[in-house]
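To start, the structure itself, in structure tokens.
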Amino acid sequence: MFKAILLLVSALLFALGILPPREKAKESSSTKVYRGQQFEYVVRSFAYICCVFVLALICNAAVLLLQDAPHTPIATGISHTLCPSAHSLVNTTSPLALHSFSSSKLFHGLHPRFVAGLAFVWAGALLRLWSYHTLGELFTFEVVVKSDHRLITSGPYAHVRHPAYTGIALLLLGVQLIQFGSGGYVSACHSAGGSAAMWVARSWQLASAYVLVSLSRRCRVEDGELARKFGDAWVEYAEAVPYKLIPLVL
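One point on numbering: in this note's numbering, the residue at position 222 of the sequence shown is 204, and numbering is uninterrupted.
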């Protein structure tokens, strides 16, 4: 039950941290939207696709709750659908065999890798939400400089210049650790799929790498745009906050 609650909270936080908080920014005479890399055209689509892992977190929690519930035919059938590898490993759908499998640490244990992933997801989501709140209407999924743009230096921006991107990195790493590590939903429940599960894992890793490289370029672009917009004020800010993503590191 406790692990299921942690997973459901993580699903909610991941969704809040990954989904766009407002509508897409539109180009106008007073708003300049950066389109200098392919990522800018797919950033919102990627955010919505990532929500498949929100579903995976919910499915993981559902499997745990079903395993703790009375083993009725309906519950067993749903559990079999959500976690086919459990039944494949015990080679039966009998309640007794499934109970033996579900009682193992594979599902109920809080593996260090899982706990680390949980911490990253929570920290990343909260950092993103803090960034949303601090920037207010200035926060967009697009790189935008408005005619009435303001230089924000408070909240998380008093510590690093691009905290929302740090949050994204934490979210992506957290999902990797939770879903594909020891006891993770994809690893534990879909290992019987073999190559399919491996394909999902590799696709997620490649997509995450693509996002992080694109965001690294965004950091340079945003710094350049803000420097042109605010001049000496931005130079003073950059000197006071020299780190882009991680205090004292990067």
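Even for Gly, the Cβ is constructed at its ideal location relative to N, Cα and C.
Beta-carbon proximity of residue i to residue j, cut-off 8 angstroms
i           : j           : result
residue 228 : residue 142 : yes
residue 131 : residue 120 : yes
residue 108 : residue 42  : no
residue -7  : residue 36  : yes
residue 153 : residue 0   : yes
residue 159 : residue -15 : no
residue 168 : residue 38  : yes
residue 197 : residue 150 : yes
residue 113 : residue 94  : no
residue 203 : residue 16  : yes
residue 122 : residue 4   : yes
residue 128 : residue 13  : yes
residue 171 : residue 66  : yes
residue 110 : residue 146 : yes
residue 124 : residue 7   : yes
Nearest candidate by alpha-carbon position, reference residue i, set the options
i           : options               : result
residue 28  : 226, 194, 224 and 205 : 194
residue 48  : 220, 187 and 60       : 60
residue 126 : 18, 191 and -4        : 18
residue 219 : 136, -13, 50 and 65   : 136
residue 40  : 122, 202, 161 and 207 : 161
residue 186 : 156, 212, 146 and 206 : 156
residue 224 : -17, 2, 181 and 144   : 144
residue 190 : 212, 101, 7 and 148   : 148
residue 235 : 182, 8 and 103        : Not covered by the structure: residue 235. The range shown for the chain is -17 to 232.
residue 166 : 2, 133, 21 and 46     : 46
residue 226 : 211, -5, 213 and 205  : 205
residue 50  : 180, -17 and 181      : -17
residue -13 : 100, 192, 214 and 134 : 100
Cβ-Cβ separation, residue j to residue i (assumed contact under 8 angstroms), whole Å
i           : j           : result
residue 222 : residue 216 : Residue 222 to residue 216, Cβ: 11 angstroms. No contact.
residue -3  : residue 33  : 6 angstroms
residue 212 : residue 133 : 5 angstroms
Beta-bridge pairing of residue i - partner residues as DSSP gives them
i           : result
residue 127 : 14
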